[in-house]
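In terms of the UniProt record's numbering, the sequence shown opens at residue 1 and continues consecutively.
Every residue, glycine too, gets a C-beta built ideally from N, C-alpha and C.
Predicted, not measured: the structure shown is a model, and the values here were computed from it.
Working notes, structure below.
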Amino acid sequence: MAALKKIKVKRLRSLDGSGSRIKTSGRKVVRKTTKKASVKKISVLDLKRSKKNPIIEPVGSRHWESKATFNPTAILNDGKVHIIYRAIGDNDISVLGYAESNDGYNINPNSKELAFYHHPKISFKKPSLKTVSPVIYSSGGGWGGGCEDPRLTLLNDRVYMIYTAFDGWGSVRMALTSISLNDFISRRFNWNEPVLISPPGQIHKNWVLFPEKIKGKYAILHAISPKIMINYFDSLDELDGHHFIHSVHQDSRLWEARDKFVRGVGPAPLKTKYGWLVLYHKMEKHDSHRYKLWAMILDMKDPTKILYNSNQPILEPDFWYENEGYKGGVVYSCGTIIKDGKLFVYYGGADKVSCVATANLDKFLKELMHTSVPVLKKDKIKIDS
């Protein structure tokens, strides 16, 4: 490995609240503290970052993506990767951009374009959010509202998208829309009119749709702590803007029982031969200001059952592009694909840029199962819903 260039140490904002000195050495961020640091064990679970990172960056000349391009989601179709990412422009409103890649790493020239914006027909009433300002739950950048943190799911011949609909101070709710696969890959962005699927007056984020029906029903995963929560539907038309999914929120009995360091699901689940692979975001008690990515495998037939859970993060915010942005110390994934036996994880760095990291899928899954933390049986967990 080539020696990293030495540069002048400078005081930066602490990532962990400790006031520790931070320096950038080459591309990787090194945090120096007075305490003896523990050495992290290298594992096959560690994802390999692309040397091309960041793969999508803000473009100052484009008014809709001049400030941030982050938290990408993706689907694979006929060998091509189709990416939707959150963008913030001159007016501080979040919109969604599109990009495509043939190999999963390199964005095709001239493929980027505006793909979705906050739908004007969605009506927001100003609910009383008594406990916490929704701005705390918005992820980075401008607070002008819009559509945030999309999750794509390809199911049959339609592309579904669940995203956070945010109108500034008034509401943080989940919305669902869809588009035909043919229109999507042809860049004819004729999305169905979105519908709000979470109740008014509650803060929700990080909901995902499974890419297959489970026991003949559509399945939406909307919470992983204090337990896995999934709602099933004969038709997604049942979510009509008047009937909502009820999940963990600040006024529910489950709120205090949750793991306060878990931030929620990342991308939509991936089907593997061992079960549903689910990535999720979580902080650690000793490092509570940094978002990290973890992994678990859910039972194929009963995805409320956790089979395996990683005993350490699979991705941590260690590189400069994961620390220099609107929210330093953040890796935030909304998309995964499987291409040529390789797991591609698309994620946002520091709420500013889009990146990708990969791993051999089979080795990753076997290592996850081998090093999994013990999982309690479901009948030992009793929680009032």
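Kindly examine the ligand COA and report whether one of its heavy atoms sits closer than 7 Å to the Cβ of residue i.
{"i": "I245", "result": "The ligand content of the structure shown is nil, which means the ligand COA is not present either."}
Quick check: what's the CA-CA separation for residue i versus residue j?
{"i": "P301", "j": "K215", "result": "The displayed chain sequence assigns Lys, not Pro, to residue 301. If you take the alpha carbons of K301 and K215, they lie about 8 Å apart."}
{"i": "S50", "j": "S66", "result": "23 Å"}
{"i": "K48", "j": "K285", "result": "25 Å"}
{"i": "residue 386", "j": "H243", "result": "In the structure as shown, the chain starts at 1 and stops at 385, and residue 386 therefore has no counterpart that could be examined."}
{"i": "A257", "j": "N102", "result": "44 Å"}
{"i": "L114", "j": "A68", "result": "13 Å"}
{"i": "M296", "j": "S372", "result": "8 Å"}
{"i": "K342", "j": "L361", "result": "5 Å"}
{"i": "residue 386", "j": "S247", "result": "A question about residue 386 goes unanswered here, because the residues of the chain that appear run from 1 up to 385."}
{"i": "E193", "j": "P374", "result": "43 Å"}
{"i": "V59", "j": "Y326", "result": "16 Å"}
{"i": "D157", "j": "K112", "result": "23 Å"}
{"i": "K217", "j": "I245", "result": "15 Å"}
{"i": "L277", "j": "M174", "result": "22 Å"}
{"i": "H370", "j": "L209", "result": "28 Å"}
{"i": "R188", "j": "Y117", "result": "14 Å"}
{"i": "E367", "j": "K282", "result": "20 Å"}
{"i": "I56", "j": "D340", "result": "22 Å"}
{"i": "K251", "j": "I162", "result": "It should be noted that the sequence gives Asp, not Lys, for residue 251. The straight-line gap from Cα to Cα measures roughly 23 Å."}
{"i": "Y160", "j": "I314", "result": "27 Å"}
{"i": "P200", "j": "K363", "result": "43 Å"}
{"i": "D234", "j": "K213", "result": "9 Å"}
{"i": "F261", "j": "D237", "result": "34 Å"}
{"i": "L176", "j": "N190", "result": "14 Å"}
{"i": "A165", "j": "L152", "result": "15 Å"}
{"i": "L365", "j": "D46", "result": "12 Å"}
{"i": "E100", "j": "S186", "result": "11 Å"}
{"i": "K271", "j": "W320", "result": "32 Å"}
Using 8 Å as the threshold, is the C-beta distance between residue i and residue j below it?
{"i": "V353", "j": "V345", "result": "no"}
{"i": "A350", "j": "E322", "result": "yes"}
{"i": "I220", "j": "H249", "result": "no"}
{"i": "L298", "j": "P211", "result": "no"}
{"i": "P267", "j": "G335", "result": "yes"}
{"i": "A87", "j": "V81", "result": "no"}
{"i": "P150", "j": "G348", "result": "no"}
{"i": "N206", "j": "G264", "result": "yes"}
{"i": "Y98", "j": "I84", "result": "yes"}
{"i": "L239", "j": "V172", "result": "no"}
{"i": "G104", "j": "W64", "result": "no"}
{"i": "G146", "j": "I197", "result": "no"}
For the segment 302–314 and the segment 206–225, state whether three or more C-beta atom pairs, one from each stretch, are separated by less than 8 Å. Touching, per the Cβ criterion.
The segment 286–295 in contact with the segment 330–339 per 3-pair CB rule at 8 Å: In short, these stretches touch, since the Cβ pair count reaches three.
Using 8 Å as the cut-off, can you tell me whether the segment 229–243 makes contact with the segment 180–191, which would need three or more C-beta pairs spanning the two stretches below that distance? Touching, no.
In the segment 345–376, which residue ranges form an unbroken beta strand (DSSP E) of at least 3 residues, counting only runs that do not cross its ends? Counting only runs of 3 or more residues that sit fully inside the segment 345–376, the beta strand (DSSP E) segments are 353–360, in chain order.
If you scan the segment 200–240 from start to end, which runs of the beta strand (DSSP E) of 3 or more residues do you find wholly inside it? Every beta strand (DSSP E) of 3 residues or more that sits fully in the segment 200–240 is shown, in chain order, as 218–223 and 229–233.
Where in the segment 81–127 do unbroken runs of the beta strand (DSSP E), each at least 3 residues long, occur, reported from the N-terminal end onward? Complete beta strand (DSSP E) runs here, min 3: 94–101 and 113–116.
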